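Chains as they are written, first to last, in this note's numbering: chain A, 288 to 843; chain R, 127 to 627. To start, the structure itself, in structure tokens.
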Amino acid sequence: MNGMHIIFRADRLSISVAVFVAFFSVLIVCYSLGAMRGKTRLGLYYGCVLITFLGSLGAVFADNLVLFIVFWGFLGIPLYLLIGMGEAERASYTAKKTFILIGGTDCFMLLGLAILWQLAGHPGLAQFRMSGIALPLTSTAAIMAYLCLLSGTLAKAGALPFHTWVPDASEDTHASVAAFLPAALDKLLGIYFLMRLTLEIFHMTPAMNTFLMALGSITIIAAVMMALVQHDLKRLLGYHAVSQVGYMILGIGTGSVLGIAGGLFHMLNNTLYKSCLFLAGGAVEQRAGTTDLGRLGGYAKAMPITFGTFLIASLAIAGVPPFNGFASKWMIYQGILDNGQYGGGLWVVWLAAAMAGSALTLASFMKLIHAVFLGQPSTQAAQLPGDSRESGPAMLTPMVILAALCVVFGVLAYSIPLRLVVFPSIHAHPEFLGLWRPVAATFLLLLGLGAGVVIYWLGAAMKTRETKPFVGGETLADFSAMRVSGTEFYKTVQDMPFLNTVYRLAEKKAFDVYDVGAKLTFSFSRVLGACHSGELPRYLAWCLAGTLIVLYLLMR
Amino acid sequence: MTTASAVIPLIVAVPLAGAFIIALLNQKIPRLPDLLGVLATCVGLLLSLWSIYLVQVQPTSVYSVGNWPPPLGIAMVMDGLSAFMLVTVNAIAFAVALYSVDYMERFTAKWQFHSLFLLMLAGMNNVIITGDLFNLFVFLEIAAVASYALVAFGTERHALEAAFKYAVMGTIGSTFILLAIVLLYANTSTLNMADIGRALAQSPAPHLTLFVSGLFIAGFGLKAAVVPFHAWLPDAHPSAPAPISAMLSGVLIKALGVYALCRVLFNVLGLTSQISSILMFLGALSMVIGVFLAIGQWDLKRLLAYHSISQIGYVLLGIGLGTPLGIVGGLFHLFNHSVFKSLLFLNSGAVEYATGTRDLQKMGGLAARMPVTASTNFVAALSIAGVPPLNGFWSKLIIIVAAIQAERYGYAFWAALASVLTLASFMKVMKYAYWGGLGDAWRDVREVPGFMKASMVVLAVVCVLGGVLLLPGLREVFLGAGVEALHQGTHYAAGVLSEVK
Numbered sequence: 288m289n290g291m292h293i294i295f296r297a298d299r300l301s302i303s304v305a306v307f308v309a310f311f312s313v314l315i316v317c318y319s320l321g322a323m324r325g326k327t328r329l330g331l332y333y334g335c336v337l338i339t340f341l342g343s344l345g346a347v348f349a350d351n352l353v354l355f356i357v358f359w360g361f362l363g364i365p366l367y368l369l370i371g372m373g374e375a376e377r378a379s380y381t382a383k384k385t386f387i388l389i390g391g392t393d394c395f396m397l398l399g400l401a402i403l404w405q406l407a408g409h410p411g412l413a414q415f416r417m418s419g420i421a422l423p424l425t426s427t428a429a430i431m432a433y434l435c436l437l438s439g440t441l442a443k444a445g446a447l448p449f450h451t452w453v454p455d456a457s458e459d460t461h462a463s464v465a466a467f468l469p470a471a472l473d474k475l476l477g478i479y480f481l482m483r484l485t486l487e488i489f490h491m492t493p494a495m496n497t498f499l500m501a502l503g504s505i506t507i508i509a510a511v512m513m514a515l516v517q518h519d520l521k522r523l524l525g526y527h528a529v530s531q532v533g534y535m536i537l538g539i540g541t542g543s544v545l546g547i548a549g550g551l552f553h554m555l556n557n558t559l560y561k562s563c564l565f566l567a568g569g570a571v572e573q574r575a576g577t578t579d580l581g582r583l584g585g586y587a588k589a590m591p592i593t594f595g596t597f598l599i600a601s602l603a604i605a606g607v608p609p610f611n612g613f614a615s616k617w618m619i620y621q622g623i624l625d626n627g628q629y630g631g632g633l634w635v636v637w638l639a640a641a642m643a644g645s646a647l648t649l650a651s652f653m654k655l656i657h658a659v660f661l662g663q664p665s666t667q668a669a670q671l672p673g674d675s676r677e678s679g680p681a682m683l684t685p686m687v688i689l690a691a692l693c694v695v696f697g698v699l700a701y702s703i704p705l706r707l708v709v710f711p712s713i714h715a716h717p718e719f720l721g722l723w724r725p726v727a728a729t730f731l732l733l734l735g736l737g738a739g740v741v742i743y744w745l746g747a748a749m750k751t752r753e754t755k756p757f758v759g760g761e762t763l764a765d766f767s768a769m770r771v772s773g774t775e776f777y778k779t780v781q782d783m784p785f786l787n788t789v790y791r792l793a794e795k796k797a798f799d800v801y802d803v804g805a806k807l808t809f810s811f812s813r814v815l816g817a818c819h820s821g822e823l824p825r826y827l828a829w830c831l832a833g834t835l836i837v838l839y840l841l842m843r
Numbered sequence: 127m128t129t130a131s132a133v134i135p136l137i138v139a140v141p142l143a144g145a146f147i148i149a150l151l152n153q154k155i156p157r158l159p160d161l162l163g164v165l166a167t168c169v170g171l172l173l174s175l176w177s178i179y180l181v182q183v184q185p186t187s188v189y190s191v192g193n194w195p196p197p198l199g200i201a202m203v204m205d206g207l208s209a210f211m212l213v214t215v216n217a218i219a220f221a222v223a224l225y226s227v228d229y230m231e232r233f234t235a236k237w238q239f240h241s242l243f244l245l246m247l248a249g250m251n252n253v254i255i256t257g258d259l260f261n262l263f264v265f266l267e268i269a270a271v272a273s274y275a276l277v278a279f280g281t282e283r284h285a286l287e288a289a290f291k292y293a294v295m296g297t298i299g300s301t302f303i304l305l306a307i308v309l310l311y312a313n314t315s316t317l318n319m320a321d322i323g324r325a326l327a328q329s330p331a332p333h334l335t336l337f338v339s340g341l342f343i344a345g346f347g348l349k350a351a352v353v354p355f356h357a358w359l360p361d362a363h364p365s366a367p368a369p370i371s372a373m374l375s376g377v378l379i380k381a382l383g384v385y386a387l388c389r390v391l392f393n394v395l396g397l398t399s400q401i402s403s404i405l406m407f408l409g410a411l412s413m414v415i416g417v418f419l420a421i422g423q424w425d426l427k428r429l430l431a432y433h434s435i436s437q438i439g440y441v442l443l444g445i446g447l448g449t450p451l452g453i454v455g456g457l458f459h460l461f462n463h464s465v466f467k468s469l470l471f472l473n474s475g476a477v478e479y480a481t482g483t484r485d486l487q488k489m490g491g492l493a494a495r496m497p498v499t500a501s502t503n504f505v506a507a508l509s510i511a512g513v514p515p516l517n518g519f520w521s522k523l524i525i526i527v528a529a530i531q532a533e534r535y536g537y538a539f540w541a542a543l544a545s546v547l548t549l550a551s552f553m554k555v556m557k558y559a560y561w562g563g564l565g566d567a568w569r570d571v572r573e574v575p576g577f578m579k580a581s582m583v584v585l586a587v588v589c590v591l592g593g594v595l596l597l598p599g600l601r602e603v604f605l606g607a608g609v610e611a612l613h614q615g616t617h618y619a620a621g622v623l624s625e626v627k
């Protein structure tokens, strides 16, 4: 094991990520002081948050890959425990699924590490950076190493095909945990390592760039389509957490400086608004006692600050200017155009996917805001009038800070985050294509918004509803048909030809790597198990056959 | 023979004496079997730690039994590999003896248990330090026969059936080994392992060597439960009382199987690339088939037993690579597997002790009532799954890196895949046994008594801190000499024979 030195080393990228890690740890602890009050096993909870914080710092500052993987793999343990602490009945199942996906890909990362070590002659991380010698992705071994290491980052960040733990975990665990891990820290770490991998350790080829961009685009579209039809607040947010990773991968996959900067910037922005959304969602959950969209509604009046932060974060995630999500998506679009100029023939497809994803995100958040904050209060919520008030300051402070940052990072995108954090981190100062083309910006923006509106109306206008004439004077609560909860907004999407098949398969978990893998494993296990019938003669026959084969192989 | 080496036979004599004293005085003093069992294993552990020191001072020391000089008399040879194995075996034996004090209260004739247990330990210790091939066979049989009896200790129907199968198959393995020894004796006229190595070097007999190697692979492979010779294990290991399962899976298959196989193949007959390939292939096969069989099980102990097959595959793959790094990984995994697999079996025993069931589907939520068992089981599960920074991670990492460096990409892939499935099956154990809602039947379940807890906690601490053994300084002391002993190959003969003269 020569060449293994335990040292930490910092550069601008790792410092930027570490600052965000620390920032989120503080916010989450602050939020938990309010949200977790009165819960059991708080010692374990805060202990896990703390070691997650320390482990993440270790991972971003690790100087060699062995140390990095030790911290990276170790982070699976607190994640598993935190998810397992959730109150949902399925929590222990989800924790198990999460750990199998994350830990399983970590095993393949070991394989990738071993191949990389063999190819490069050292397991250094900083060594690649300082020598400037990256491995070309030309040999099969190098491609295998890249894919193995990539699988770990995809699982951690929650991108296809290893994303399936994110929606489950978001739904079944505490909102603070969802805001802390899948929404913030795991994104930071996953994309951090993807950047190291793509920019420093390996020298990308056009084919691999195309692969990454395709992966990103599919992630954006598939996850946002799933988000459209969800009935649970936290699960819906979980699917968006997956969808947003697609943008980061797409940006980094373009290989252009602008796209990479956009990907990194989007990672930071995403952690801000996605955490904010989960925290606000958690505040609503605490009041309503449920995250089922059908049973929520009308919380804007009771919780105005929560509503305000949620609205800002929603607009940011949908990419509406002047919020931060727009700024980074805009850079990613330009990165795609840039990639197109240098021969990436499929740039139209990637651009279309990114923009369609943006429109669908907006559509999905229209539904969400309607269902949670606007619309009619559901009967269940109405019965709890005394409980419908704003959350305490411990919970509101982090939400307000995050929402404020969403605005600051959007309006002052260049002068604060880009100049101070993003560009130094990638050691480049890219030129914007045609200096922030406002016309094109507005055009693309309107196109995205327009598409969102069209989809919104597609849901609302194509539906005719039969109901008794409403005379006036009736109590609304008696007219369940009068209440539009929002969960049915995009039901029509589910009924479209082709899409209905896809949705049905998705419901059966045909696209879930975990479920498909489990089915394959257990069927193979059953076959082997059936061979072990417990009959002694059969076992003796195996021994004899084994001996004869060994002897034949040796003596031939 | 130096004065220091005169202590070597004590490591066999102490447990052997303990076994007979317990049998003689069984009814006279009530707590004597417990006391002697713990005491003898404790002395064994101290002696084995001392042997690590001895090896640092003098790489190879030889003791001639009865002062008959080898090759005529029986020699006991202490080198790095023996010292390493002795520490592994005796450390686990000590933890298990401690655990048995409380656990075996449920059985009648506790003295028989302790007596057989010490007999088995004496057999293993002698297999490890003997330098004589026939002596190895005799003590291998002593340990094996004691283990047949221990598997049947519960005297229930399935235990008796399992013990019978185990005895039949074990005997077949022993027959292969005996046949191989006879062929070697007929050809070289000596039974001393170093002397056989010297004789084969002087007048090579390539066909005989290969044929004998094949027989040894089959015979010792059966003792080590390598696929396809594994079928006795999933019946025998779960049927035994939990501490014995821990001994069988933790150390017996390694002392009688892996250690003896490696000693004979590497140091006496010489490792050829053919044999190395066969070892690696059998290792990979066990690794993958074992884990696939394990993941489908609902009987907790049977699940653990199949994982022993899988983990032995890792050990064999690492050692079979034949490179120094591979041997480091293999030996370190052997040690780590001893620790976490014994711990897992002890945990399963604790669950059975408290609830009376081994069926995962009937358990649930036990973490609330049995926090020590649950947390130590969690540590062991993470270790066997190779989650950093626990000990299992390091040895798997080394094995995978070694396989890649030897350009065995396929085997490295299977090792990674088996690791994923190992993680999955232990997540299954944790979910069904310990997490989730507490079943109504287990409202009044209580945590196990003190000795059992102490033993589990000690093993869990070793799992957590195991990685420390790789730090420079400790690495050379604990693993270095063992790796050197295997990697020197047939130079073993020269080392031993020079000590004799």
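Glycine is no exception: its CB is placed at the ideal position from the N, C-alpha and C atoms. All values derive from a computational prediction rather than experimental measurement.
Q: With a 10 Å radius around its C-beta and 16 neighbouring C-beta atoms as the bar for buried, classify isoleucine 387(A) as buried or exposed.
A: That one is buried.
Q. What residue from Tyr620(A), Gly550(A), Lys806(A), Pro685(A) has the CA that sits closest to alanine 600(A)'s CA?
A. When C-alpha distances from alanine 600(A) are compared across Tyr620(A), Gly550(A), Lys806(A), Pro685(A), the shortest belongs to Pro685(A).
(Q) DSSP three-state label for aspartate 425(R), please. (A) Three-state DSSP puts aspartate 425(R) in a strand.
Q. Using the beta-carbon count (16 or more within 10 Å), is glutamine 670(A) buried or exposed?
A. Unreliable positioning characterises glutamine 670(A) in this predicted model, as indicated by a pLDDT of 46, which lies under 50. A coordinate reading is not provided.
(Q) Rounded to whole angstroms, what is the Cα-Cα separation between alanine 639(A) and valine 511(A)? (A) Whole-angstrom Cα-Cα distance: 14 Å.
(Q) Please state whether the Cβ-Cβ distance between isoleucine 421(R) and leucine 547(R) is less than 8 Å. (A) In terms of Cβ geometry, isoleucine 421(R) and leucine 547(R) form a close pair [threshold 8 Å].
Q.
Only counting the same chain, and skipping five residues up and downstream in sequence, which positions put a Cβ closer than 8 Å to that of threonine 425(A)?
A. So the qualifying residues of the chain are Thr492.
Q) Just how far apart, CA to CA, sit tyrosine 534(A) and glycine 606(A)? A) The straight-line gap separating the alpha-carbon atoms of tyrosine 534(A) and glycine 606(A) is approximately 11 Å.
Q. For the candidate residues Ala325(R), Gly170(R), Met496(R), Met489(R), whose alpha-carbon lies nearest to that of aspartate 566(R)?
A. The option with the nearest alpha carbon to aspartate 566(R) is Met489(R).
Q | methionine 489(R) (DSSP reduced to helix, strand or coil) | A | Reduced to three states, the DSSP call for methionine 489(R) is coil.
Q.
Quick check on glutamine 414(A) - is its C-beta less than 8 Å from some C-beta in chain R?
A. For glutamine 414(A), no Cβ of chain R is located within less than 8 Å of the residue's own Cβ.
Q. Got a sec? Which residues, its chain only, sit under 6 Å from tryptophan 237(R) by beta carbon, not counting five neighbours each side?
A. Counting only Cβ-Cβ distances below 6 Å, and skipping sequence neighbours, we find Ile148, Asn152, Pro159.
Q: Determine, using beta carbons only, whether tyrosine 380(A) comes closer than 8 Å to chain R.
A: Judged by the 8 Å Cβ criterion, tyrosine 380(A) is in contact with chain R.
**Q.** Where phenylalanine 577(R) falls: helix, strand or coil (DSSP)
**A.** DSSP places phenylalanine 577(R) in helix when its eight states are reduced to three.
Q) Looking only at DSSP bridge pairs, what is leucine 422(A) linked to? A) For leucine 422(A), which the question treats as bridged, DSSP gives the partners Phe489(A).
(Q) Counting only Cβ-Cβ distances shorter than 7 Å, please list the residues of the segment 273–291 of chain R near chain A, keeping chain order. (A) Here the close residues are Lys291.
Q | Exposure label - threonine 234(R); buried when at least 16 CB within 10 Å | A | Threonine 234(R) counts as exposed, since fewer than 16 other C-beta atoms from the protein chains shown sit within 10 angstroms of its C-beta.
Q: Classify threonine 301(R) as helix, strand or coil using the three-state DSSP reduction.
A: It is helical.
Q) So which residues of chain A does glycine 361(R) contact, with C-beta pairs closer than 8 Å? A) Note that residue 361(R) is aspartate in the sequence shown here, rather than glycine. Within chain A, the residues Gly821 have their CB atoms less than 8 Å from the CB of aspartate 361(R), given in chain order.
Q: Buried or exposed for glycine 325(A), please, with buried defined as at least 16 other CB atoms from any protein chain shown within 10 angstroms of its CB.
A: Per the 10 Å Cβ criterion, exposed.
Q: Could you tell me which residues DSSP puts in a beta bridge with phenylalanine 257(A)?
A: The shown model of chain A, from 288 to 843, leaves out residue 257(A), and the question about it has no answer.
(Q) Counting only C-beta atoms, is tryptophan 561(R) closer than 8 Å to chain A at any point? (A) Interface flag for tryptophan 561(R) against chain A is set, since a Cβ pair is found closer than 8 Å.
Q. Between alanine 832(A) and phenylalanine 210(R), what straight-line distance do the alpha-carbon atoms span, to the nearest angstrom?
A. Near 34 Å, if we compare the C-alpha coordinates of phenylalanine 210(R) and alanine 832(A).
Q: Report the residue from Arg157(R), Leu492(R), Phe265(R), Leu470(R) whose alpha carbon sits nearest the alpha carbon of leucine 426(R).
A: Closest by alpha carbon: Leu470(R).
**Q.** Segments assigned alpha helix (DSSP H), at least 4 residues, entirely inside the segment 217–273 of chain R
**A.** Fully enclosed alpha helix (DSSP H) runs of 4 or longer: 236–255.
(Q) Which runs of the alpha helix (DSSP H) at least 4 residues long sit entirely within the segment 430–500 of chain R? Give them in chain order. (A) Runs found: 450–481.
(Q) Can you tell me whether glycine 411(A) is helix, strand or coil according to DSSP? (A) Glycine 411(A) falls in the strand class under three-state DSSP.
**Q.** Cβ pair count under 8 Å reaching 3, the segment 335–352 of chain R against the segment 174–188 of chain R
**A.** At 8 Å Cβ cutoff, the stretches do not touch.
Q: Compute the Euclidean distance between the alpha carbons of methionine 291(A) and proline 410(A), then round it to the nearest angstrom.
A: The predicted position of methionine 291(A) is uncertain, since its pLDDT is 48 and thus under 50; a value taken from the coordinates is nonetheless stated next. Approximately 7 Å between the Cα atoms of the pair.
Q: Using the Cα positions of valine 222(R) and leucine 247(R), report the straight-line distance between them to the nearest angstrom.
A: So the alpha carbons of these two residues sit roughly 11 Å apart.
Q. Which of helix, strand or coil does DSSP assign to valine 626(R)?
A. Three-state DSSP puts valine 626(R) in a helix.
Q | Closest Cα partner of isoleucine 430(A) within the set Leu400(A), Ala378(A), Asp393(A) | A | Nearest neighbour of isoleucine 430(A) by Cα position, chosen from Leu400(A), Ala378(A), Asp393(A), turns out to be Leu400(A).
Q | Alpha-carbon spacing of glycine 644(A) relative to glutamate 374(A), whole angstroms | A | Spanning the alpha carbons of glycine 644(A) and glutamate 374(A) requires a straight line of approximately 32 Å.
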